[in-house]
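Everything on this sheet refers to the single structure shown next.
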Amino acid sequence: MYLKTNSDVSGYNKNKDEQILAGRLSDLAKTCYNRNIPVFSGFLNLNEQNILNSLKNEFSGICILLDGGYEYAERRIAVFLPYEGYDYQLPVSIIKIEADKRFADNLTHRDFLGALMNLGIERSLLGDIIISDGAAYAFCLEKISGYIMDNLTRVRNDYVRCTGNCVLDKDFSPSYKEITGSVASLRLDAMISLAFGESRSHSVSAIEGGLVFVNGKLITTNAYNLKEGEIISVRGKGRFRYMYTKSETKKGRYMVVLNLYV
56 MYLKTNSDVS GYNKNKDEQI LAGRLSDLAK TCYNRNIPVF SGFLNLNEQN
106 ILNSLKNEFS GICILLDGGY EYAERRIAVF LPYEGYDYQL PVSIIKIEAD
156 KRFADNLTHR DFLGALMNLG IERSLLGDII ISDGAAYAFC LEKISGYIMD
206 NLTRVRNDYV RCTGNCVLDK DFSPSYKEIT GSVASLRLDA MISLAFGESR
256 SHSVSAIEGG LVFVNGKLIT TNAYNLKEGE IISVRGKGRF RYMYTKSETK
306 KGRYMVVLNL YV
């Protein structure tokens, strides 16, 4: 087996933060291999996940997964395992944060995230925050769950109650709006335009500008053809899932169904 050392990855990318992350991921991979134990990173954003994916070929002899605690997670933990099929327990807790129901509908994802960050918590310790039925479900590393439970008492101007060790239903999925429309092709730029109601040129600019990820991988070519079930994230816009193609018209256009997460 060969694993890159920090010096090996020092020239990895164009910015110092990415070099540091590449070195840290390399260290985690080596720990997994040398000690034959599962090792976990903090939560990674989409760009950080893309860096991991670009390095996977350097980490032979171990299994590497991305897991955010549920199927549709955007922020995910890099999981380094001694071998494929290794049974592991993700070190993640889910905290339910509830405000008075009279005011809960006015609280947004930004409000809950801001309240958590104001506790001095690093972003890498926090995963997705899901808003459902007036409450927020915050994914976090187990080691800070107690701190959050003890210290998070208000979100914006509203008092909140925290409940730890929550379990999501196995069939849970984020809230979404179904979009049905026709596209000339299954190309990435066409699907983004349909999902967000933008011009093709705006979609192409987002792709070429490094703002678009498909299943956590950076895609920079607008000619990429989507496959059913893939999740597309556009920074600053949101994300959607290409569900299926309903039919093909006589003029060769495709009627597709997308789930736009809200």
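Residues in the sequence shown are numbered consecutively from 56, following the numbering used here.
Ideal Cβ positions, reconstructed from N, Cα and C, are used throughout, including at glycine.
Predicted model, so just to flag it, every value in this text is computed and none were measured.
Report all residues from its chain with a CB closer than 7 Å to the CB of G265; omit the five preceding and five following residues, and keep chain order. L273 and T275
May I ask you to verify whether the region 211-223 touches the region 171-182, counting CB pairs closer than 8 Å and requiring at least 3? no
With DSSP collapsed to three states, give me the class of G169. helix
Who are the Cβ neighbours of Y192 in its own chain at under 6 Å, not counting the five residues just before and after it? I149, K151 and I185
Beta-carbon proximity of D142 to I132, cut-off 9 Å: Against a cut-off of 9 Å, the Cβ pair of I132 and D142 comes out as no contact.
At a threshold of 8 Å, does D122 count as lining the ligand GDP (C-beta to nearest heavy atom)? The ligand GDP is not among the ligands present in this structure, which contains no ligands whatsoever.
Contact set for T208: own chain, Cβ-Cβ below 7 Å, skip 5 residues either direction: Y214 and V215
Kindly indicate which residue of G201, G116, S187 and F268 has the alpha-carbon position closest to the one of K156. S187
Please classify D244 as buried or exposed, where buried requires at least 16 other C-beta atoms within 10 Å of its C-beta. buried
Contact set for Y125: own chain, Cβ-Cβ below 7 Å, skip 5 residues either direction: Hits under 7 Å: L223 and F227.
Mapping the DSSP letters down to three states, classify F227 as helix, strand or coil. coil
Give the DSSP-derived three-state secondary structure of C87 in the structure shown. helix
Contact under 9 Å by Cβ, E113 with V147: no
Please give the ranges of any alpha helix (DSSP H) in the region 221-277, keeping only runs that are unbroken, at least 4 residues long and fully inside the region. 243-251 and 255-263
Would S288 pass as a contact of G307 if the rule is Cβ separation under 9 Å? no
Can you tell me whether V267 is buried or exposed, with buried defined as 16 or more other CB within 10 angstroms of its CB? buried
Put E303 into one of helix, strand or coil per three-state DSSP. Looking at E303 - three-state DSSP - the assignment turns out to be strand.
Mind listing, in chain order, the continuous alpha helix (DSSP H) runs of no fewer than 4 residues lying wholly within the region 98-186? 101-110 and 164-172
Quick one: what's V317 bridged to in DSSP? In DSSP, V317 forms no bridge with anything.
Our contact map puts V238 next to V317 with C-beta atoms below 8 Å; I'd like the distance itself, whole angstroms only. That pair is no contact at about 21 Å.
Alpha carbon of H257 to alpha carbon of V269, nearest angstrom: 17 Å
Exposed or buried, which one is N314 when buried takes at least 16 other CB atoms within 10 Å? With 16 or more other Cβ atoms within 10 Å, it is buried.
Give the straight-line distance between the Cα atoms of M56 and V94, rounded to the nearest whole angstrom. Low confidence applies here, because M56 scores a pLDDT of 47, under 50, leaving its location unreliable; read the following figure in that light. So the alpha carbons of these two residues sit roughly 17 Å apart.
Where the alpha helix (DSSP H) through I199 begins and ends: E197 to N206
Do F251 and K292 count as a contact pair if the criterion is CB distance below 9 Å? yes
Kindly list the residues whose CB is nearer than 7 Å to the CB of A128, restricted to its own chain and excluding five residues on each side of it in sequence; keep chain order. G182 and D183
Would Y297 and L241 qualify as a contact pair, given that the criterion is a beta-carbon distance under 9 Å? yes
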